[in-house]
Structures are given as structure tokens and as C-alpha cells.
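A short write-up of the structure that comes next.
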Amino acid sequence: MNHDALSSHDRTEPLFPDGHPLRRLVRPTFDTIRRAFDGLFVSTIWNDAVEDPKRAGFRPSYDSLLGPGSSTMMPFVAAWMSTGPTREGAPAPPARPNVVLFLEGMDRSLVTWATRAGLLGRHEFVTSVPAMKARVAAAGMPLYSIDDVGEDFDAHVRVRSDLSRWLNSKEHLETVTAFAPREVRKDMYDVSRADYEAAAASGGRVFLKTCNTESAGMGVFIAASAAEFDAHLAALRDKQRRYDLNRTLVIQPEIEGRNQSFQVLLDPRTKDEIQVVAVTDQLVEADGKTYRSSINHPITPGVVEPVGAAILDMVDHVFARHPDAFGFLMSDFFRTDAGPVIYDPGIRPTGNTATALAAHLARKLTGRFFATSLVPLPTNRPGMTFGDFARRAGRLVELDNLAREGRALVPWGWNAVQGFGMLIALAEDLDALEALRAEVLRLAHA
Numbered sequence: 005m006n007h008d009a010l011s012s013h014d015r016t017e018p019l020f021p022d023g024h025p026l027r028r029l030v031r032p033t034f035d036t037i038r039r040a041f042d043g044l045f046v047s048t049i050w051n052d053a054v055e056d057p058k059r060a061g062f063r064p065s066y067d068s069l070l071g072p073g074s075s076t077m078m079p080f081v082a083a084w085m086s087t088g089p090t091r092e093g094a095p096a097p098p099a100r101p102n103v104v105l106f107l108e109g110m111d112r113s114l115v116t117w118a119t120r121a122g123l124l125g126r127h128e129f130v131t132s133v134p135a136m137k138a139r140v141a142a143a144g145m146p147l148y149s150i151d152d153v154g155e156d157f158d159a160h161v162r163v164r165s166d167l168s169r170w171l172n173s174k175e176h177l178e179t180v181t182a183f184a185p186r187e188v189r190k191d192m193y194d195v196s197r198a199d200y201e202a203a204a205a206s207g208g209r210v211f212l213k214t215c216n217t218e219s220a221g222m223g224v225f226i227a228a229s230a231a232e233f234d235a236h237l238a239a240l241r242d243k244q245r246r247y248d249l250n251r252t253l254v255i256q257p258e259i260e261g262r263n264q265s266f267q268v269l270l271d272p273r274t275k276d277e278i279q280v281v282a283v284t285d286q287l288v289e290a291d292g293k294t295y296r297s298s299i300n301h302p303i304t305p306g307v308v309e310p311v312g313a314a315i316l317d318m319v320d321h322v323f324a325r326h327p328d329a330f331g332f333l334m335s336d337f338f339r340t341d342a343g344p345v346i347y348d349p350g351i352r353p354t355g356n357t358a359t360a361l362a363a364h365l366a367r368k369l370t371g372r373f374f375a376t377s378l379v380p381l382p383t384n385r386p387g388m389t390f391g392d393f394a395r396r397a398g399r400l401v402e403l404d405n406l407a408r409e410g411r412a413l414v415p416w417g418w419n420a421v422q423g424f425g426m427l428i429a430l431a432e433d434l435d436a437l438e439a440l441r442a443e444v445l446r447l448a449h450a
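Positions 5 to 450 (this note's numbering) are the ones given, in order, by the sequence shown.
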């Protein structure tokens, strides 16, 4: 099968009738999302402390956090944004295919799977972020990157560093959305026990958030007591001094509500049609901050409407300040009785981007909605590749299995050093999804 987004005739679908205040929010398809990335280099390679040691205080490498090989996992997510292999014999479309950039050290059996599945078109391997920048500059084609790669490279990127910092940090949330939570922003050296007591007055925990564009939840600290608050504050000040980080600190009372997220696609070419890529329930670890996975809901009026006004409010704020803004605009939010509360926006692909795109692919192939979720897969077999696992899984990792059995497994990323994978499970409902998750874990350890 050849999933060529550029020659696809798919169009977005309205969610709301003409005249409705949410009319601009539309349901995308797999191909309409990927078609937006035409004519770009696409990368989900982090510009971390290994690539730039000056970023050690806020962007440590995943290898340092989770062990060798971990930094090679997320770069594969860019494969899901490929415009696909060019269909032989098809008339040349006005748009140009994109080029996905992968890290040279990643598990190449992932690329083999994506190519055979008809998802991946033009792609290249680079050794590092500097090598990626050199390739992009030489080609004269813009880069859509998960991370900012420095103000000196702004002429070559689709998301400039000032836009990235504004949206991906937490410092100016009130300029991004009218649906921000009740919180205090202060120089961390002016913060005192009184700030904890004021935030804790409602009876919940207190969240301290740094305003650097960190990843992996590195900038969130939760205090259940005054002593924990004091300890976090002391550690944050020490880290700020060591790395010369942003001194602004957000103090936020705990929000009671349903933990969700949304993701839409900004494209200045189609400002009247904002594609709703995902609305999810977020699954977090017991620490209250570490992202584990998301349950993606079907993009329907009933799912979108409760958060629709907040989405459009943020979209309008972004386009007002950056008329050429482009890419995945997302935010975590709490759905409360009083309405949505936006608390962690950003403009970049996320851990859920590939998972959401897999749901759109399933709908394209079957005409039906499939529930999707990430499945962490510790095989305890160092050196095991995705290709090795795929041979065990058999037809479960074939897209045709969606029609045959109503379920499938597709890759999000794989760490061949540790034999650890992140798979996207697809099934027809949440019960079937949970059963597939359990089966995969048994399969990995058989």
C-alpha cells in the first residue's frame, strides 16, 4: 500500500454547521494532516545537552535520564509526518514531498517497517543536530523541528525560536490563553513560605513550575507540604545558579478536574480551517506529572465542543502575535465544572502525535474509529530490535490486521540498545485496547 498524502483527494470535514462559533474547527484525515508538511525537512530530534552543552540545565539528554539508546526513540516519530512515497505514474502535484531526518544511530528496522507499510517517503540520516543544520542550510529547504535549534538558524526553520520559547515555556501563559489557571509568577528568589500557604489554602497540593522550555516533565515539582515546598525551592535556586536558568517560577494550586489534552494543526495557508488532530484523556504516573500515555477520542462535535472555545482562543492569540505560525499547537488542560483550564501549551509534536496520527490512519483504512494508546514494552532483552519483535508479533504489526482482526501494533520508537520499545496499540474500543496491551506484554517476555 502506498500512502501518498500529496496525491490524496482527502479533504477536511466540518464538525459544526455554518454560523456556529466553532465552525473553524474541522475533522482532519491522515492525509490532510501530513499534506501540510509538504516541502519541508521534518525532524523530531531533540537539541539536547549532548548536542549543545549550554542546554544541560533544562534539556538533558534522554540517555542521561533513561539510559543508553533512549535518545534514538523519539526521532522515529517524524516518520508519521512523512508525506509518503511518491506514487509512480501519478501526475506531479503542486506541492513537493518532504524529507524526514532520522538520527544515524536509531534502530533502522523501524525505517524498514515504515517503508514497507507505505508510510515513509524521502528520508535521510544525520549524525547530530549540527549535521542536520548543515544539511538543511545547504538544501535551502525549511526545517520543521520538534525543538528550537538556536536563533542563529531562524532563517531556515518553520518555527522560529521566539515563537517556540513563548509557547513552550510557562512564563507568559496569560498572553497565550484567556483560560489560564489561577497561579502566581515570581522571581524564584522572591518566593517564600507565604506563597505556599496561599496556594495550599484550597486544600490541594502546590505545583512549582520553572519557565524554561524543558522536556520530560523536568520543570514541574509538586509539594504536598510546606517542608517539601521549601526543599523544592532550595533545589530550584541551586540549579538556577549552576546553569544560569530563567529565574521566573510559577506557583499553582492543584487543579481538580479531568486531565486531558488537545492538539491542532496551525497552517497560515488555511486559517479558516483548524484541523483538530487529537483530544485525549491523559494518563500520568503516580507522581502526578510524568506522562505515560493518552487515550485518543474520536474527533466528533461532542468531544471537541467542551474545549472548542479554548482552542480557538489560543489559536487566535497565536496568529495575532505570529501570523505565519505553523505546526502542531497543543496544550494539556483540565476539564472542570467551570470549563476548561489551560495549563501547559506548546507548539511542537508531542509524545501523542504519532499515536493520534495512527488513529487517523486506522480510520482511513477501515472507515471506523480505533482507540489508540502507547504501550511501553520493556523486553529485558538488550540488543533486541523492533524487527526482532515484529517477527514474534507476526501479523499483529501489519496494518492489514486492522481489517482482519480489528487490532494492530505499530511502532512509536524503539531502543535497540536496551531492547525497549514504545508501541502504538490500536483496537476497536477501550476494553479491546487493554486486552491487546496485556497480550503484547506477554508476547515480549515469552
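Ideal Cβ positions, reconstructed from N, Cα and C, are used throughout, including at glycine.
Do the CB positions of residue i and residue j come within less than 8 Å of each other?
i	j	result
glutamate 175	cysteine 215	yes
proline 146	glycine 125	no
serine 165	glutamate 55	no
arginine 339	proline 302	no
valine 421	proline 382	no
alanine 9	leucine 403	no
glycine 350	asparagine 172	yes
alanine 431	alanine 375	yes
proline 344	phenylalanine 183	yes
arginine 451	asparagine 405	Lying before the first or after the last residue shown, residue 451 is absent from the chain, which here runs from 5 to 450.
Of the residues the options, which one's Cα is nearest the Cα of residue i?
i	options	result
valine 308	Ser11, Leu378, His13 and Pro32	Pro32
tyrosine 193	Gln244, Gly207 and Asn419	Gln244
arginine 1	Leu365, Gly312, Phe337 and Asp392	Here the chain covers residues 5 to 450 and nothing more, so residue 1 does not appear.
methionine 5	Gly88, Ala83 and Ala202	Gly88
proline 185	Arg273, Leu378, Arg251 and Ser335	Ser335
glycine 71	Ala238, Ala394, Phe424 and Ser206	Phe424
leucine 29	Ile278, Phe323 and Glu438	Ile278
phenylalanine 129	Ala431, Asp234, Val46 and Gly391	Val46
threonine 116	Ala83, Lys190 and Val140	Ala83
threonine 48	Leu427, Glu432 and Trp416	Trp416
alanine 363	Pro344, Gly410 and Phe323	Gly410
leucine 434	Arg197, Arg39 and Asp285	Asp285
methionine 426	Phe390, Arg408 and Leu400	Phe390
threonine 119	Phe80, Ala142, Glu443 and Lys137	Phe80
serine 265	Leu333, Asp317, Ala203 and Arg59	Leu333
proline 272	Pro25, Gly23, Phe41 and Asp22	Phe41
threonine 181	Glu438, His7, Ile346 and Ala282	Ile346
histidine 7	Arg59, His24 and Leu123	Leu123
phenylalanine 393	Leu437, Leu445, Ala366 and Glu438	Leu445
Can you give me the start and stop residues for the beta strand (DSSP E) that residue i sits inside?
i	result
phenylalanine 266	262-270
serine 335	331-340
glycine 425	424-431
threonine 376	375-382
asparagine 105	A quick correction: the sequence has leucine, not asparagine, at residue 105. First-last of the beta strand (DSSP E) with leucine 105: 103-107.
glycine 417	411-419
valine 311	First-last for valine 311: 305-325, but that is the alpha helix (DSSP H), not the beta strand (DSSP E).
leucine 29	29-31
Alpha carbon to alpha carbon, what distance is there between residue j and residue i?
i	j	result
methionine 85	isoleucine 37	8 Å
proline 57	leucine 19	46 Å
leucine 253	glutamate 218	13 Å
serine 12	lysine 368	11 Å
proline 98	valine 195	55 Å
alanine 227	asparagine 384	34 Å
arginine 241	valine 414	42 Å
aspartate 67	aspartate 152	19 Å
alanine 429	asparagine 51	28 Å
valine 268	leucine 361	12 Å
valine 319	proline 327	10 Å
valine 379	leucine 69	19 Å
leucine 440	isoleucine 299	14 Å
valine 104	arginine 352	15 Å
leucine 107	glycine 208	43 Å
alanine 329	serine 297	27 Å
arginine 91	aspartate 35	14 Å
proline 257	leucine 114	42 Å
phenylalanine 225	phenylalanine 337	18 Å
serine 168	leucine 270	14 Å
glycine 261	alanine 138	46 Å
valine 163	histidine 321	16 Å
isoleucine 315	histidine 24	15 Å
asparagine 263	methionine 222	19 Å
In the DSSP assignment, find the alpha helix (DSSP H) that holds residue i and state where it starts and stops.
i	result
tryptophan 170	165-172
threonine 354	First-last for threonine 354: undefined, no H or E at that position.
arginine 446	434-449
arginine 189	Careful: arginine 189 lies outside any alpha helix (DSSP H), inside the beta strand (DSSP E) at 188-191.
arginine 395	390-397
* Residue ranges of each beta strand (DSSP E) within the region 198-279, 3 or longer -> Runs found: 210-214, 224-227, 252-257 and 262-270.
* Taking the runs of the beta strand (DSSP E) that are 3 residues or longer, which of them lie wholly in the region 115-161? -> 127-130 and 147-149
* Which whole runs of the alpha helix (DSSP H) in the region 8-86 are 4 residues long or more, in chain order? -> 34-39 and 66-70
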